[in-house]
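Residue numbers (this note's numbering), protein chains in the order written: chain A, 981 to 1330; chain B, 5 to 610; chain C, 3 to 314.
All remarks here apply to the structure that follows.
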Amino acid sequence: MSAVLPKHIPVVREASPGLWALAWRRLRADRVGMVSLAVVVAFLAMMLASYAGLIAKDWNKERGVSYANPAFLAGAENLEAKEVTNKDFGTQAKPVDLSDIDPLAPRYKEWEERAAKIAVTEVKRAETLPFGGDKWGRDVLEKAIKGSEVSIFVGLTAALFATIIGTVLGALAGYWGGRVNDFLEWFYNIFTSIPYILLILAFAAVFKKGLDTIIVILALTGWTGIYRLVRAEYIKHCGREYVKAAQAIGASHFSRMFVHILPNASHVILVQLSQHVVQFIKAEVILSFLGLGVPVDMVSWGTMLAEAQNELVIGKWWQLVAAGASMAFLVTAFSMLTDSLRDALDPKLK
Amino acid sequence: MHLAVTLLAVAFLAAPAAQASAAVEKKVLRMAFRTAEAGFDPQRIDDRYSVGVCENLFEPLLTYDYLARPVRLVPLVAEAIPEPQEGGTRYTLRIRPGILFADDPVFKGAKRELVAADVEYAIKRFRDPKNRSPYGWIFEHKLVGLDELADAAAKSGRFDYEAKIAGLEVRDRYIISFKLVEPDYNFLYLLAMPNVVPVAREVIEAYGADTHAHPVGTGPYVLKEWVRRSKIVLEKNPNHRGYEIDARWADPADEWDRRALDSLRGKRLPLIDRVEIYPIEDEQPRFLAFLNKEHDLLDETPFSFIHQVLPNGRLSPGLQALGVSAYREEQPEFTYDVFNMNDKVEGRENPVGGYTPERVALRRAMILGHDRDREIGVLRKGQAIPAQSPVPPGVVGYDPAFRASAQDYDPPRAKALLDTFGYVDRDGDGWREQPDGRPLMIEYKYNAGSQESRQLAELWSKSMADVGIRLEAVAVQFVDLLKDKKVGKFVVAGSAWIADYPDAQNFLQLLYGPNSGTSNEAHFRLDAYDRLYLRSASLPDGPERNAVYRELNRLLLAWAPWRLGVHRIFNHLQYPWVKGYKKHPILYTNFKYLDLDVAARAAASR
Amino acid sequence: MAAYVIRRLWQMIPTLAGVILLIFFLFNWVGGDPAQVLAGKISNPEQIANIRKQLGVDQPYWYQLWVFVQQVFTFDFGRSWSTNEEVSKILLTRVGPTLTIMVPVLVIETMLAVAFAIMVAYVRGSLTDRTIMVICTTAMSISFLVYIIFAQWLFGFKLGWFPVQGWSESFSRNLLTYAPLPVMLAIFVGLAPQLRLYRSFFLEEINQDYVRTARAKGLPEKQVMMKHVLRNALIPILTNIGIYLPGLFVGSFLLEVFFSIPGLGREIVTAVNRSDFPVIKAVTVYLAMLTMFINLLVDVMYKLVDPRVSFK
């Protein structure tokens, strides 16, 4: 099959900068693409702003009562807000005296004096929040904004790593061929012969938990598709005249691989990268459902959805909607942008 | 397309046939377990759910009365409750003759009678290394000669079941006598545990490694079908002699007791023909399956849905209209957080360990700073009571007058205590440092696979941030959490303990020094505590022992190797066609005491 | 042909060896041992050592690898660490329910996706095409978890059209009562990406020279689509289904967990949560083998569909 390579249109060879300028012009003409790009940029801006602490800084503050109603549902009955602490349980009894055995007893007096000076501040909790509150009374809107930070970060970094692994291995296999190619193909076959979700679960079963683990798992399991495409590009380009010319003027292997060929394969890589971002943002949800990763003092869309699992049944739909909708919005825009990118970079397909 | 049509036709033809067979009015009870079972070899399991199934397949020598509260031991296959002899070191029981095992191909069509040797064999199995019995510890250092037998087996690789030991004396076909290494007035509780049950040796040997799937006992039910982790089906054991409800210990003022007696008195139990159990771990499907009447019972309503079921503490009007009733149970269990008391964790300094006043102060301050009120109010939805001691209500040795203010949420006192002992923020980063100026960072390990566990970790992290202590919550796989706790590879971690038998001792042994590395996960070693504990173990129930228990609890509060959590309250729901319901605090299931009004159910589901 | 198949089978050996190495690396080297879980509430170091010995995890790595290789080829993975059931038996009993869900999903989804894709490809570039593509993209963007939670609540509980969850022994009852909601959900989620993919396959073919030739010859557009385009697009579609097939056996663990379907996916998730390594190892190795065979099968089928492909 691979022997039947179509003769490629010479445009690509002529000028690689022209390709990008051309693509940009095509993309600018694509209204859907531009809108998607705007949405993606807006999300990225939001993510950066939240990272810099400009917005949603206090997402972890408990402003409202438990499951505070959204502002537009003010006044609806909220049974969850009533906190029964059973604090009075057994208060009739006198607290047990420990002073005869307590290692702290010598400093009781100092302790009491200091305690008396510390004022107790009673926090007033709001009955409603703009888009409702979660279990702890945190604003779900702020959570969703803060959540974008982790989710997009995970998606982008994991995609970046997967792309780097895929590109490097693909370049090696495609450029060198022979033994190197055989070895890497073997490696590729191993990873692709295990169904993707099973591969993720197998990795998840043994690795330590943490944000970095999520990224590592996604990158280690997600590079195969990119590898295949990049390898094909390299095989195609290796025989091209411009590469032979580079060789003639004494360019090193490394330089030929990454300075000469890479730019010509970069449109494929870019499309793959953005496709994987989408895929990985969605995968984060699954991993969070399994309790892997995101630490408790952080929030991601995945942890929000995992939390919201039972909230629909008790009528508190807002967290599910806030996280589900923000994710859907970004992912839709990202996917459409990917489509437009592909169309702009590879007009043959359209 | 043709295939689909054929399938449809087959299904429609099959449907009426299935209905016709159901018309025999079999009483089928359906319910969910919230966790998957492990298997049904009684000596090889310890999880509540598998043991719960075994309660119906096997019968221990003694058991608990269904209705009596506080719980009361009654004979089951034994003829009577024995009196302790030889200063609490000998117990002798006689098995009722004529009790039969359920039929099994291994018996080759013959009826097999239960004999004393079956009890001896079963107890030896607990210590056979091959069985990896998770409850082996209950017979460790307990019966004369058994430890030696187990040691020999560990060396030779083969347990000698033929060897006679003084601790397990089979006097004749029906009489067995236990000789204990030291006095133990709680020993009879062990004989009522649902996995300390006689098994037939020939059955165990015939099924080899498959004993989990072939439970053959003398219980009222047999295992009809088992799809691991998905479905467990029990059906009546035709060989079973039947029970009768005992009204003597019922409380006439208690509505549940009255209702149970009304529907069960004078009937030959069990009444349910078939029990279908479905393990469903996720809360939404489990809850909805009950609401949709796909199940007849909902065991342990998930905390998330409490306000749907019991708004303002009363059953919701919707459920009331359906005639559902809710049984509120204070389970004999408690949750707690363990501080590692060792000086070092994995070679590094452990900031919470040790017995110096500063370390005690840090632990006590963390306890005072932990917002237990929100744990109960938000996470448990009010369905828990704050623990004052590890001993839960309903357990022998529980002291209702014991109140521990050292465990109450009190942030000003927490901060004051930290200030007093020099845990102050020296570099102005918002976090407190250790008294000698080094940074303070506490690691809390929790189970990655559980939302509940994650939320508890979240609460710890928030509460500690409020008093200026930096706490990092680390998620680990459940397996690793257990392992890390046993070997002391943790700083702080959550735990829970449910009574194996209803005595405070079962809880207080968790801090006994020599149990370090086994049940004493804190690795707490305090001479005063150990001395008192040993004393309590040799005393029979009474005011003297209660005074010792009180001292033990005071030591625990002062040195704070634990943060005491809560005693959870569980709400069990039943549709009105389930009759005779009452929950037992120690026994997990009650199928053998239930009845089902099949007609009412059919009418309601129409 | 026979020579080709034999050569391909021969080539599978190194891949299989690689899979075995990878799994071994993950579970025997990176992963810990579950002795503690099996030991129960109270245990001492001797008990732990005893359990480790029984599981064979105290042996040197080379020996463990040898045992693992034997297990793969004797189809005997021993018993589950957590329930002591034979692993082979677990696998056999779990495949049925998973396939009961996934085969209808595959069949219906492929039929719908091909039909819709050829329709939108026919009207490519039109408003209908663009609208459908946007809907597809949006539908794909919502998390599967959200769909499941919402649909179970709405159709199972609020509207009561389907049971919330459950499974029985009767195949017809499963197919007609319990499967429809999960199957619908899986199709709903899977359709959009398939449709997009198949549309691109059709577009690729439409731009080929032979299609232009056919049009130039004056064949009506419908005939061109059905005869030439569909036939040729079948090759990438088949490949895609081939890629999809092994995943069929894993099923959707989210669906299985939420709808209490006793399938392989649910089994794997439980195994992951309980660190029941023999189960995960066995599933992974056998599915990898299955994948390799399916790939071979797909390649052989190419030959039958497309005479241009030669067996080199």
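Glycine included, each C-beta is placed from N, C-alpha and C at the ideal position.
Taking all protein chains shown into account, F77 of chain C has fewer than 16 neighbouring C-beta atoms within 10 Å of its C-beta and is therefore exposed. The Cβ-Cβ distance between A391 of chain B and V570 of chain B falls below 8 Å. For the stretch 111-129 of chain C, the beta-carbon criterion of a distance under 7 Å to any beta-carbon of chain B is satisfied by none of its residues.
Taking 8 Å as the cut-off, the Cβ atoms of I85 of chain B and L66 of chain B count as close. Contact annotation, R290 of chain B with I103 of chain B: C-beta distance approximately 36 Å; criterion of less than 8 Å not satisfied. Non-local C-beta neighbours of G1154 of chain A in its own chain, meaning closer than 6 Å and more than five positions away in sequence, comprise R1211, Y1214, I1215, ordered along the chain. Between A121 of chain B and the set B:S137, B:Y165, B:Y95, the nearest pair of CA atoms involves B:Y165. Of all residues in the stretch 217-238 of chain B, only A217, E229, V231, R232, R233, S234, K235 place a beta-carbon less than 9 Å from a beta-carbon of chain C. Here V69 of chain C has G58 as same chain residues with Cβ atoms under 7 Å from its own Cβ, once five neighbours each way along the sequence are excluded.
The beta carbon of V55 of chain B does not come within 8 Å of any beta carbon belonging to chain A, so the residue lies off that interface. Per DSSP, reduced to three states, the secondary structure at W1297 of chain A is coil, with no helix or strand assignment. Listed in chain order, the non-local C-beta contacts of L556 of chain B below 6 Å within the same chain comprise L512, L536, local neighbours out to five positions each way being set aside.
At the C-beta level, N1066 of chain A and I179 of chain B stay beyond 8 Å of one another. Taking CB atoms only, W83 of chain C has no neighbour in chain A less than 8 Å away.
Per DSSP, F182 of chain B is not a residue of any alpha helix (DSSP H); the beta strand (DSSP E) it occupies stretches across 179-183. Going by beta carbons, L1109 of chain A and A1061 of chain A fall outside the 8 Å limit. With the criterion set as a beta carbon lying under 7 Å from some beta carbon of chain C, the members of the stretch 275-292 of chain B are Y282, I284, D286, Q288, P289, L292, in sequence order. A Cβ of chain B is located within less than 8 Å of the beta carbon of F261 of chain C. Contact note: W1116 of chain A reaches chain B through V382, using a C-beta cutoff of 7 Å and chain order. Its chain contains L1164, Y1207 as the residues whose beta carbon lies nearer than 6 Å to that of L1149 of chain A, once the 5 sequence neighbours on both sides are disregarded; these appear in chain order. Ranked by how close their Cα comes to the Cα of R269 of chain B, the residues B:S308, B:A604, B:K583 have B:K583 in first place.
Annotated as proximal: V496 of chain B and D341 of chain B, with beta-carbon spacing under 8 Å. DSSP, reduced to helix, strand and coil, places D341 of chain B within a strand of the structure shown. The Cβ-Cβ distance between A126 of chain B and A293 of chain B does not fall below 8 Å. For M294 of chain C, the nearest CB of chain A lies under 8 Å from its own CB, placing it at the interface with that chain. Interface residue (Cβ-Cβ distance to chain C less than 8 Å): R38 of chain B is not classified as such. Following the DSSP letters along the chain, one finds V483 of chain B inside the alpha helix (DSSP H) bounded by residues 482-491. Residues are counted here when their Cβ sits less than 8 Å from a Cβ of chain B; for the stretch 93-105 of chain C these are T95, given in chain order. Only L1078, I1081, D1082, P1083, L1084, R1087, E1090, W1091, R1094, A1095, I1098, V1100 from the stretch 1077-1107 of chain A bring a Cβ to less than 7 Å from some Cβ of chain B. The beta carbon of A1138 of chain A lies closer than 6 Å to those of I1195, L1198, A1199, F1260 in the same chain, with the five residues before and after it left out. The alpha-carbon of W1298 of chain A is positioned some 7 Å away from that of V1120 of chain A. H1247 of chain A and W464 of chain B have their C-alpha atoms spaced approximately 48 Å apart. Residues of the stretch 411-433 of chain B whose Cβ lies closer than 7 Å to any Cβ of chain A, in chain order: P416, R417, K419, A420, L421, D423, T424. DSSP, reduced to helix, strand and coil, places I169 of chain B within a strand of the structure shown.
Straight across, the Cα-Cα distance linking W169 of chain C with V185 of chain B is about 51 Å. Proximity of Q154 of chain C to chain B, defined by a Cβ-Cβ separation below 8 Å, is satisfied.
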